[in-house]
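Below is one structure, written out as structure tokens; the observations come after it.
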Amino acid sequence: MSLQRITHLPSGRLLSTILHHQLLLPSIIPLTVPKRAVIQGEYRRPGQPKKTKFAWQKINFNFSKGLEGIKKHFTLLKKEFTDRWVGPEGKPIIEHMLEQNRVVWEFRGPESLREWTVSSDREIGGHSEAYLKLGRNNNTCFLYGTLSSTPPRDGETRYSGYCTMRSKQPLASFDRKKHHDWSSFNTLQLRVRGDGRPWMINVSAETYFSHQKDDIYCYFLYTRGGPYWQDVKIPFSKFFLTHRGRVQDDQHPVWLDKVNTIGFTLGDKADGPFQLEIDFIGVCKDYAHTEEFAYEAYKRNPEV
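Take the sequence shown: its position 222, counting from 1, is numbered 222 in the numbering used here, and each next residue is one higher.
Structure below.
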């Protein structure tokens with residue numbers, strides 16, 4: 001509204017018009033919003049305390065521990081060079097070619113448990129509990145705990161109730177990634193004794209791209225319960241590809257030459273105690289199994 005038109009208005013209407021324009025002025029001026037910081041902190045779940053320490057404060061500056069680490073890594077480096085002269089994984093080439101069975105994990109002491117980690121939904125505020133210990137006579141691995149599907153009261157999480165046992169990533173000298181090479185085998189073999197619950201076996205392999213780091217190959221393990229041991233053989237062709245718990249449409253076989261970890265997950269929504277006892281985990285070559293892949297895969301470069 002121009003100044004000439006405002007001068008011809010009545011006094012009462014003129015006052016209301018001026019007040020109306022004063023109320024609109026703040027919305028016309030651009031708001032000064034603080035810019036988003038370039039470096040953002042990691043995501044913190046509701047209810048968790050804020051970390052007040054800096055990154056450099058978590059480093060343990062211990063001279064004696066540093067010398068032990070240097071000695072350890074140079075010992076591993078020497079072993080890598082000597083194993084290369086002998087053959088693949090330190091075995092003669094003939095023994096490697098004729099190998100039919102291999103025990104990868106065998107629980108025969110406290111040192112064998114250090115290769116595994118246990119987690120549950122308690123890390124995100126849930127109520128499930130999982131523990132790992134040696135079985136009777138220190139010859140088995142005993143995973144037990146309590147499963148609870150009650151979600152945490154953080155206003156964000158809707159589903160809960162899982163317990164997981166996973167092997168650690170094998171490392172070479174100077175903390176370089178090391179992979180399990182199972183390309184000579186086609187079947188996963190393990191000896192377990194459970195309580196009748198269904199478990200999920202998760203196999204993680206190395207990927208080419210960073211957005212595929214959550215890709216996991218899964219299959220089911222059905223325990224029958226009771227006091228008797230159960231010998232299980234699962235072909236690798238039965239494992240299907242998942243990403244963050246969702247089955248993918250584009251399926252492909254497991255890359256057995258670069259296997260990182262293997263894990264066991266319980267999430268059957270049956271609240272209560274659980275237990276799983278494992279004797280050994282290995283791989284074998286079953287000549288009776290000739291299936292390459294059990295699921296339909298997309299055809300690469302289809303013919304026109």
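Glycine residues also receive a C-beta, built at the ideal position from the N, C-alpha and C atoms.
Taking 6 Å as the limit between beta carbons, can you name the residues of its chain near residue i, skipping five residues before and five after?
i	result
Pro-152	Gly-125 and Gly-126
Ala-294	Ser-237 and Lys-238
Thr-146	Glu-129 and Pro-273
Thr-242	Ile-216 and Cys-218
His-21	No answer about His-21 holds up, because its pLDDT of 49 lies below 50 and its placement is not dependable.
Gln-275	Tyr-144 and Asp-195
Tyr-298	Asp-250
His-73	Ser-173 and Phe-174
Lys-258	His-179, Ala-205 and Glu-206
Ile-93	Gly-87
Gly-225	Asp-195 and Gly-196
Are the Cβ atoms of residue i and residue j separated by less than 8 Å?
i	j	result
Phe-107	Cys-163	no
Val-232	Met-165	no
Trp-199	Leu-266	yes
Ser-148	Asp-250	no
Ala-172	Leu-76	yes
Ile-278	Asn-202	no
His-289	Thr-187	yes
Lys-177	Gln-189	no
Arg-244	Asp-214	yes
Trp-105	Ser-167	yes
Leu-134	Pro-110	yes
Could you give the DSSP three-state label for residue i: helix, strand or coil?
i	result
Ser-148	coil
Ala-130	strand
Thr-117	strand
Asp-215	strand
Asp-279	strand
Gly-90	helix
Ser-308	With the chain running from 1 to 304 in the structure shown, residue 308 is simply not present.
Thr-82	helix
Ser-64	helix
Gln-100	coil
Ser-183	coil
Glu-292	coil
Ser-237	helix
Arg-305	Since the first residue of the chain shown is 1 and the last is 304, residue 305 is not available in this structure.
Ile-124	helix
Trp-199	strand
Lys-72	helix
Glu-106	strand
Lys-177	strand
Ser-112	helix
Ser-160	coil
Gln-57	helix
Asp-249	coil
Asp-257	helix
Using 10 angstroms around the beta-carbon of residue i, count the other beta-carbons present and answer buried if the total reaches 16, otherwise exposed.
i	result
Glu-292	exposed
Ser-183	exposed
Trp-116	buried
His-180	buried
Asp-121	buried
Asn-138	exposed
Ser-64	exposed
Leu-98	exposed
Leu-221	buried
Pro-209	Residue identity check: residue 209 is Phe in the sequence provided, not Pro. Classification of Phe-209: exposed, given that the 10 Å Cβ count is below 16.
Phe-305	An answer regarding residue 305 cannot be provided, because it is not within the stretch 1 to 304 covered by the chain.
Ile-29	Any reading at Ile-29 must be qualified, since the residue scores a pLDDT of 42, below 50, and its modelled position is unreliable; no value is offered.
Val-254	buried
Phe-54	exposed
Phe-185	buried
Ignore the nearest five residues each way along the sequence and tell me which others in residue i's own chain have a CB closer than 8 Å to its CB.
i	result
Gln-100	Cys-284 and Lys-285
Trp-229	Arg-191, Val-192, Arg-193 and Asp-279
Glu-80	Ala-172 and Ser-173
Lys-359	This structure gives no information on residue 359, because the portion of the chain shown stretches from 1 to 304.
Pro-88	His-96 and Asp-181
Tyr-287	none
Arg-158	Pro-151
Thr-82	Gly-90
Can you find the residues in the same chain that come closer than 7 Å, C-beta to C-beta, to residue i, ignoring five residues on each side of it along the sequence?
i	result
Val-103	Phe-280 and Gly-282
Pro-34	For Pro-34, the predicted structure reports a pLDDT of 39, less than 50, and the residue's modelled location is therefore unreliable. A value from the coordinates is still provided. The answer is none, since no qualifying residue turns up.
His-211	none
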